[in-house]
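Everything on this sheet refers to the single structure shown next.
In the working numbering, the protein residues as written are 293 to 513.
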């Protein structure tokens, strides 16, 4: 509902003290609320620049001569990505040639550049390796320092806890509570998350199997 994808069935949302109801992501974006979905809404074969603007490119000329100002667009992309440590050789290269973490950062930078004040990130690190996830998390931290409010949706407590201030746990759509970071530990958050108890029970069970004399042998490589 906050991103404009679904219309709320009850309750009230306020933006700048005024009650609002979004019926589309465009309305939410116009209010400064941008959502970066898991699929990133990118076209792999199009350039980084075209994906960065997607219909909002700077233009030059008038009337029939009106066209995209690609030089200005490329300069903006090069500058914005450079600020977050992504150095692209050519903004005209296909966005599909970037790594998963870099594409995620392009999507976030795009939302920030186009005026987002609230950034909703839907599982931004779920399909990334350790290095690529660190790139995304570092940029999320930078966005917070710039004054953006970030809603970070994730199942990975090790990614959420270091950058979060307030945590809301959901289990099958039901809220288990909202806590400030100083009031709850990382272990307590994990225990409240779906699967936290099961993981702990499994760990205890596996430890029993791997105790000396149990007949089990752990092999690592």
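Backbone N, C-alpha and C define an ideal beta-carbon position, used for all residues, glycine too.
| query | result |
| --- | --- |
| Neighbour-count burial assignment, residue 513, 16 or more Cβ in a 10 Å radius | Since pLDDT at residue 513 reaches only 47, below the 50 mark, its modelled position is unreliable, and no value is offered. |
| Cβ-Cβ distance between residue 393 and residue 442 below 9 angstroms | no |
| Cβ of residue 400 within 9 angstroms of any chain C Cβ | Absence of chain C from the displayed structure is noted, only one protein chain being present. |
| Same chain only: Cβ atoms within 8 angstroms of residue 418, ignoring 5 sequence neighbours per side | 330, 446, 447, 448 |
| Coarse secondary structure for residue 359, derived from DSSP in three states | strand |
| 8 angstroms CB neighbourhood of residue 399 in its chain, flanking five on each side removed | 328, 332, 333, 334 |
| Closest Cα partner of residue 485 within the set 438, 450, 345 | 450 |
| Buried or exposed (CB count within 10 angstroms, at least 16 for buried), residue 342 | buried |
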